[in-house]
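Numbering (mature numbering (1 follows the signal peptide of the UniProt record, and there is no 0)), first residue to last: -30 to -1, 1 to 215. For every residue, glycine included, the Cβ atom is placed at its ideal position computed from N, Cα and C.
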Amino acid sequence: MSSHRRAAIVGSLLTASLTSVMVLGFTASADDEGGLSNHGGKTVDAAPADVKLSTLLSKEIKVDNKSGETDITGVVKNEGGKASGEIRLLVVGFDGLTVKNVEGCSAIPEGDLPDGANSGFACAIDDLPAGKSKSYAIDATYDLSKQGKICLPVQNADGSTTYWQQGPVPFGAANQSPNEPATPLLLGTDNSPVTPGGGDGGNGDSGGGKDGKPDELPQTGPADRVLSLGAAGLWWNRRRAHPES
């Protein structure tokens, strides 16, 4: 059973099509559960009868200004009246946010990461009882010179069906604190990096660009690699099958 789950992780990562998202998807209102939020979460494909799966993420994280290290809490919940059976939670990083480790989970091979992702872990769950949740400690780094996003899909055991997806949702700060030990970042906020040379321009203005406009955010990859949070669709593309050797 364990080898089967491992093979599923290494294999192609599949999810629902854009059509299913448009039919079944919706954006959930943000929860407030002890500093956690489901901001950016949405139902994708229908879960088994009386199973209701969702996730939560830290509403605020702090990034060490020297090392770039940060800690994030991820939670998967079953608010239904029936146990989930075998499922898996994925934790995937984009752009400036790189997932380094998720306790108890397996790294997704680079070749099996979704388009635009830089890192990811798959967490196999044998069964999530009704009314229960499971928390994961996520170790990550954040390059404060870029935007950064994280995504938490909840799938069936082989990844062919996605029941819920939170993200890709950004962490960021409108005003960084380069002279402090750490910079606080808020979930659902695009990061606005400080300008080269540090500081906010020193003239009392909130922006550093021409005509008083904020500096443009750095480009982190092709714009079509990842759909924006408000787009009516999934970022996860159905991958082409790897050719047999």
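Three-state secondary structure assigned by DSSP to residue i
i    : result
P192 : Bear in mind that the predicted position of P192 carries a pLDDT of just 32, short of 50, making it unreliable; the figure below should be weighed with that in mind. Three-state result, P192: coil.
P51  : As written in the sequence, residue 51 is Gly, which differs from the Pro given in the question. The answer is coil: DSSP assigns G51 none of H, G, I, E or B.
D82  : helix
T68  : strand
S115 : coil
A77  : strand
D63  : Looking at the sequence provided, one finds Gly at residue 63 rather than Asp. Strand at G63.
A152 : strand
L98  : coil
L6   : strand
Beta-carbon proximity list for residue i, same chain, < 6 Å, skipping 5 on both sides
i    : result
L83  : G90
E49  : K22
N71  : D109
G5   : K29
V62  : A87, G90, C121
G162 : The amino acid occupying residue 162 in the given sequence is Ser; Gly does not appear at that position. Once the five neighbours on either side are set aside, the close Cβ partners of S162 are A144.
S103 : V45, K47
DSSP beta-bridge partners of residue i
i    : result
A19  : Answer by DSSP bridge pairing: none, since A19 is not bridged.
Q146 : In DSSP, Q146 forms no bridge with anything.
T43  : A107
T25  : V46
N161 : According to DSSP, which records beta bridges pairwise, N161 is partnered with nothing at all.
S37  : Per DSSP, none; premise fails for S37.
Terminal residues of the beta strand (DSSP E) in which residue i lies
i    : result
Q136 : 132 to 142
D34  : 30 to 34
A92  : 87 to 95
Beta-carbon proximity list for residue i, same chain, < 8 Å, skipping 5 on both sides
i    : result
K52  : P18, A19, D20, V21, A100
L156 : K29, E30, F141, G142, A143
G25  : The question names Gly, but residue 25 in the sequence shown is Thr. The residues are N8, G11, G44, V45, V46, K47, L59, L122, V124, W134, Q136.
D160 : Q117, P140, G142, L187
Cβ neighbours of residue i in the same chain (closer than 7 Å, five flanking residues each side left out)
i    : result
E39  : T111
E150 : N35
K119 : F64, D65, L67, G137, P138, V139, P140
A92  : I(-22), R58, L60, C75, S76, I78
S147 : T153
D96  : E56
- Message: Does the structure place the segment 82 to 90 close enough to the segment 23 to 37 that three or more beta carbon pairs sit under 8 Å?
- Response: no
- Item | the segment 122 to 132 touching the segment 71 to 80, judged by at least three CB pairs closer than 8 Å | no
- Item | Inter-stretch contact (C-beta, 8 Å, three-pair minimum) for the segment 111 to 118 and the segment 60 to 68 | yes
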